[in-house]
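As structure tokens, the structure follows; a few thoughts come after it.
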Amino acid sequence: MTNLKAVIPVAGLGMHMLPATKAIPKEMLPIVDKPMIQYIVDEIVAAGIKEILLVTHASKNAVEKPLRHLL
49 MTNLKAVIPV AGLGMHMLPA TKAIPKEMLP IVDKPMIQYI VDEIVAAGIK
99 EILLVTHASK NAVEKPLRHL L
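FYI, the numbering used here numbers position 59 of the sequence shown as 107, with every residue one higher than the one before it.
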């Protein structure tokens, strides 16, 4: 069986989503009851993929920390 990995590019600064992204990374913007990126991670996990790589910017630690409990 192939060991699949998911890559989520989250390095962008979200300039097209200003002013909503001025204080919070675009990936962490809430949609209904959870951050946008959590929907993506949930779908990846549901597909049976065990390894997820986040391609981030140095200033994006606000994205990595909340997701650690999901991975």
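C-beta atoms are modelled at their ideal positions from N, C-alpha and C, and glycine is treated no differently. From a predicted model like this one, the values you see are computed outputs, not experimental measurements.
Do residue i and residue j have their C-beta atoms closer together than 9 angstroms?
i	j	result
I100	I72	no
In the structure shown, what three-state DSSP assignment does residue i receive?
i	result
A94	helix
K74	helix
V89	helix
For the beta strand (DSSP E) containing residue i, list its first residue and its last residue.
i	result
P57	53 to 57
L102	99 to 103
Looking at residue i and the ligand NAP, is the gap between the Cβ and the nearest heavy atom below 8 angstroms?
i	result
A68	No copy of the ligand NAP appears in this structure; indeed no ligand is present at all.
Taking 9 angstroms as the threshold (beta carbon to beta carbon), is residue i in contact with chain C?
i	result
E91	The displayed structure is made up of one protein chain only, and chain C is not part of it.
So, at 8 angstroms on beta carbons, what are the nonlocal neighbours of residue i in its own chain, with the 5 sequence-adjacent residues on each side left out?
i	result
P83	E75, M76, L77, P114
M145	Any question about residue 145 goes unanswered here, given that the chain covers just 49 to 119.
N51	K98, E99
I79	Y87
Less than 6 angstroms between C-beta atoms, sequence neighbours within five positions excluded: which residues of the same chain meet that for residue i?
i	result
M65	K74
Stretch pair the stretch 58 to 75 + the stretch 90 to 99: three plus CB contacts closer than 8 angstroms
Too few Cβ pairs lie closer than 8 angstroms, so no.
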